[in-house]
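**Student:** Please find one structure pasted underneath; my questions will follow.
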Amino acid sequence: MKAVAHALLEPGFFSSSQVHVAVAVGAAAAVVAAAVGSFAVLRGQSFAGEALGDIGATGGAGAFLVGVGPLWGFLAMGSAAAAVMELVGIQRARGRDLATGIVLAVGLGLAALFFSLDATYHPTTGATQTILFGSIFAVPGSTVAPAIALGALALAIVVALHRPLLLVSASPELAAARGLPVRALGAAYLLALAVSVALAALTIGTILSTALLVGPPAAAMRLSARPVRAMVIAALLGVGAVWLGIALSWDSFYWPPSGHGWPVSFFVVALVVVFYGLAALPRAWRSRRCGQRHGAPGQPPTMPARGRRPAVGG
Amino acid sequence: MTEPSEQAKPADAALMAADAARAAEAPLLAVEGVSVRLGGREVLHDVSFAVGAGQFTGLIGSNGAGKTTLLRVILGLTAADSGTVRLAAANGAGHHTGQRARVGYVPQKFAFDSDMPMRARDLVALGIDAQRLGIALPSRRRRERVEQMLAAVDALAFADTRIGSLSGGEQQRVLIAHALISRPQLLLLDEPLANLDLASAQGVVALLARICAEQGIAVLISAHEMNPLLPVLDRIVYLAHGRAASGTTQEVVRADVLSRLYGRHVDVLHVHGRVLVVAGAGDDSDLEGHEGGVSGGSHSGGAEVVL
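Top line first, the protein sequences correspond to chains A and B.
Sequential numbering of the first sequence, starting at 1, is according to the working numbering.
Sequential numbering of the second sequence, starting at 315, is according to the working numbering.
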């Protein structure tokens with residue numbers, strides 16, 4: 001078994017403490033992103049998750065400036081942004097995009113300032129690359145415990161509120177008629193979203209965090225029609241993408257151009273996209289075989305189509 | 315409404331009569347003098363009616379008459395500017411138990427994404443305990459209860475299909491099951507027959523009438539077209555311009571009552587078992603805005619305007 005692993009993986013993979021940290025933090029981030037992200041897709045709040053990730057860049061850049069770990073920057077900025085979104089009115093369908101857009105614009109403006117200050121005061125740290133695209137191998141061991149604790153908090157929120165959230169996501173009107181506190185549920189959910197985005201940003205960077213948040217749930221929704229099962233599948237796909245991404249990135253150190261490993265984030269996002277594509281196959285296969293019972297396959301869930309890259313110096 | 319007086323011990327027949335009287339005096343739902351203004355416009359004006367336990371009541375009116383607002387006031391989702399809504403659970407003898415009656419609701423608008431990972435049976439199961447914390451543990455009792463409910467609304471055939479890929483009539487059945495599984499005493503439905511073809515509409519009406527009779531659930535169903543409901547209605551609440559007239563169909567669907575409600579002369583015609591509410595001759599110009607109202611697609615640009 002170990003021989004097989006060694007044939008596939010380049011030497012040093014299992015003995016590196018950086019890899020241990022990456023594997024632990026990455027798995028926690030992927031599981032939480034899957035559970036929380038499933039509701040983001042159901043609730044049509046993928047854009048909010050994306051915005052919270054982008055704004056995390058502001059927090060991460062600020063954290064570099066004052067010399068604390070980026071996780072705390074992601075978290076502080078993300079929860080502040082979530083609170084503002086809630087106040088501006090994310091609970092209304094029209095207010096949702098508006099609230100998200102306003103907060104996103106303000107956050108990215110600040111990010112531009114912070115990154116430029118980072119480049120002035122700490123020219124050698126490579127803050128921009130680390131914050132925007134992640135560097136899970138550079139996560140210090142001391143971050144593991146708080147990262148897992150935060151992950152447990154976000155997971156606890158969505159597991160505890162699973163049934164109410166599911167009904168609110170399916171139909172806010174049904175939930176309100178039943179007397180569920182729709183607004184409070186939304187606020188609690190937004191907090192869980194901010195935390196899970198911070199963890200995903202730590203793993204694959206703020207800009208790519210949505211890929212982990214939306215990609216695996218979107219793929220899982222194609223594979224299962226059951227809400228809980230879809231979330232479990234999303235978690236498995238997410239953890240698979242992260243672990244495989246870490247292994248490939250480790251191996252890529254020996255790929256040409258030799259001596260420069262490819263970033264983990266690239267592999268994770270590429271794998272998520274591949275999983276999403278493959279997830280369409282079973283249904284296509286079934287509908288070819290049995291004809292179409294319930295015709296319209298409908299629109300595929302939104303994937304993070306990233307055209308935009310914030311222009312920041314660094 | 316006065317509370318029933320001190321208990322005597324009359325003979326059986328008299329007891330039954332007294333019970334019936336008490337049930338009428340102790341309605342499940344009592345709406346009294348409700349007025350609602352929304353955005354400066356008076357949507358409901360001094361609306362009063364009552365629904366007794368097990369009664370099948372139609373809330374009839376054209377689009378914009380205030381039906382949805384009235385249902386939202388009953389649910390507590392919209393506040394009334396004046397008037398009261400009492401939802402009082404009553405026991406078999408018609409005595410109030412002091413508890414609020416349980417209410418099920420089937421909303422008018424629902425747009426489930428076709429790829430949403432939720433089967434019909436999952437949505438019905440959420441009807442049992444959506445307010446509870448934690449993930450529902452699978453149990454045989456829960457599964458059987460959902461199965462029975464799906465069977466009761468003839469939805470077993472598509473129980474495992476994603477809710478978003480069902481037809482309008484199928485989704486309607488699933489939503490009715492979702493509302494009924496929490497064992498309500500009063501079921502509110504907002505325009506469940508809109509957007510259904512005639513056969514599906516008749517299917518839903520027959521289903522509701524059966525469940526209402528079998529389980530003793532009171533039904534308050536809103537519709538802009540009363541004809542599919544007429545065979546099963548116990549009572550009718552007719553809304554026009556935010557005002558209401560209520561009673562039995564014979565009491566309400568009459569030219570004099572409806573003319574007073576609309577504030578102009580209308581005729582009530584009985585044609586091949588259908589009831590048509592028609593504006594009086596020469597009155598057309600006033601009624602343009604209400605075309606396409608009460609009887610939906612039954613008018614075809616003839617001389618008279620059908621309300």
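All residues carry an ideal CB built from backbone N, CA and C; glycine is no exception.
So is residue 423(B) buried or exposed if we call it buried at 16+ other beta carbons inside 10 Å?
**Tutor:** With fewer than 16 other Cβ atoms within 10 Å, it is exposed.
**Student:** Determine which residues of the stretch 426–441 of chain B have a Cβ less than 8 angstroms from any Cβ of chain C, and write them out in chain order.
**Tutor:** Of the protein chains in this structure, namely A and B, none is chain C.
**Student:** In terms of residues, what are the limits of the alpha helix (DSSP H) holding residue 581(B)?
**Tutor:** Run containing residue 581(B): none in the alpha helix (DSSP H); it sits in the beta strand (DSSP E), 580–585.
**Student:** Quick one: grab the DSSP three-state call for residue 536(B).
**Tutor:** Three-state DSSP puts residue 536(B) in a strand.
**Student:** Using a C-beta cutoff of 7 angstroms, does residue 43(A) count as contacting chain B?
**Tutor:** No - not a single Cβ of chain B is within 7 angstroms of the one on residue 43(A).
**Student:** If you reduce the DSSP assignment to three classes, tell me which class residue 226(A) lands in.
**Tutor:** If DSSP states are grouped into helix, strand and coil, residue 226(A) belongs with coil.
**Student:** Just to confirm my understanding: we take residue 20(A), look at its own chain, exclude 5 residues before and 5 after, and list those with CB closer than 6 angstroms. What are they?
**Tutor:** Excluding residues within five positions, none has a Cβ falling inside 6 angstroms.
**Student:** Does the distance from the C-beta atom of residue 41(A) to that of residue 155(A) stay below 7 angstroms?
**Tutor:** Their beta carbons are not under 7 angstroms apart, which means residue 41(A) does not touch residue 155(A) by this criterion.
**Student:** Are residue 25(A) and residue 197(A) closer than 7 angstroms when you measure CB to CB?
**Tutor:** Not closer than 7 angstroms, so no.
**Student:** What whole-angstrom Cβ distance do residue 69(A) and residue 130(A) have, given they're in contact under 8 angstroms?
**Tutor:** Contact flag wrong, Cβ pair sits at about 11 angstroms.
**Student:** On the three-state DSSP scale, how would you describe residue 39(A)?
**Tutor:** Helix, per DSSP.
**Student:** Indicate whether at least one CB of chain A lies closer than 7 angstroms to the CB of residue 270(B).
**Tutor:** Outside the shown range of chain B, which is 315 to 621, sits residue 270(B), and nothing can be said about it.
**Student:** For the alpha helix (DSSP H) that contains residue 157(A), what are its first and last residues?
**Tutor:** Taken as a continuous stretch (DSSP letters only), the alpha helix (DSSP H) holding residue 157(A) covers 144–160.
**Student:** Just to confirm my understanding: we take residue 530(B), look at its own chain, exclude 5 residues before and 5 after, and list those with CB closer than 6 angstroms. What are they?
**Tutor:** The residues are 368.
**Student:** For residue 250(A), count the other beta carbons within 10 Å of its own beta carbon; 16 or more makes it buried, fewer makes it exposed. Which is it?
**Tutor:** Result: buried.
**Student:** Let me check one thing: in DSSP terms, what residues is residue 372(B) bridge-paired to?
**Tutor:** 535(B) and 550(B).
**Student:** Checking contacts by CB at 7 angstroms: is residue 449(B) closer than that to chain A?
**Tutor:** So yes, residue 449(B) belongs to the interface.
**Student:** If you draw a straight line from the C-alpha of residue 284(A) to the C-alpha of residue 278(A), how long is it?
**Tutor:** Near 10 angstroms, if we compare the C-alpha coordinates of residue 278(A) and residue 284(A).
**Student:** If you run the structure through DSSP and keep just helix, strand and coil, what is residue 558(B)?
**Tutor:** Note: residue 558(B) maps to strand in three-state DSSP.
**Student:** For a minimum of 4 consecutive residues, which ranges assigned as the alpha helix (DSSP H) are wholly contained in the stretch 191–279 of chain A?
**Tutor:** Segments of the alpha helix (DSSP H) lying fully in the stretch 191–279 of chain A: 209–223, 227–251 and 264–279.
**Student:** To the nearest angstrom, how far is the alpha carbon of residue 578(B) from that of residue 487(B)?
**Tutor:** Cα-Cα distance, rounded: 39 angstroms.
**Student:** Helix, strand or coil: how does DSSP classify residue 54(A) here?
**Tutor:** The answer is helix: DSSP assigns residue 54(A) an H, G or I state.
**Student:** Leaving aside the five residues before and after residue 108(A) along the sequence, list all residues of the same chain whose C-beta is less than 8 angstroms from its C-beta, in chain order.
**Tutor:** Only 54, 55, 57, 58 and 310 meet the Cβ criterion.
**Student:** If we count the other Cβ atoms within 10 Å of its Cβ and call it buried at 16 or more, is residue 446(B) buried or exposed?
**Tutor:** Exposed, because fewer than 16 other Cβ atoms sit within 10 Å of the Cβ of residue 446(B).
**Student:** So does the stretch 437–451 of chain B actually touch the stretch 387–397 of chain B, counting three or more Cβ pairs closer than 8 angstroms?
**Tutor:** Counting Cβ pairs under 8 angstroms, fewer than three are found: no touch.
**Student:** Beta-carbon of residue 46(A) versus every beta-carbon of chain B: anything under 7 angstroms?
**Tutor:** Not closer than 7 angstroms to any Cβ of chain B, the Cβ of residue 46(A) fails to qualify, so no.
**Student:** Please report how far the alpha carbon of residue 429(B) lies from the alpha carbon of residue 440(B), in whole angstroms.
**Tutor:** Near 18 angstroms, if we compare the C-alpha coordinates of residue 440(B) and residue 429(B).
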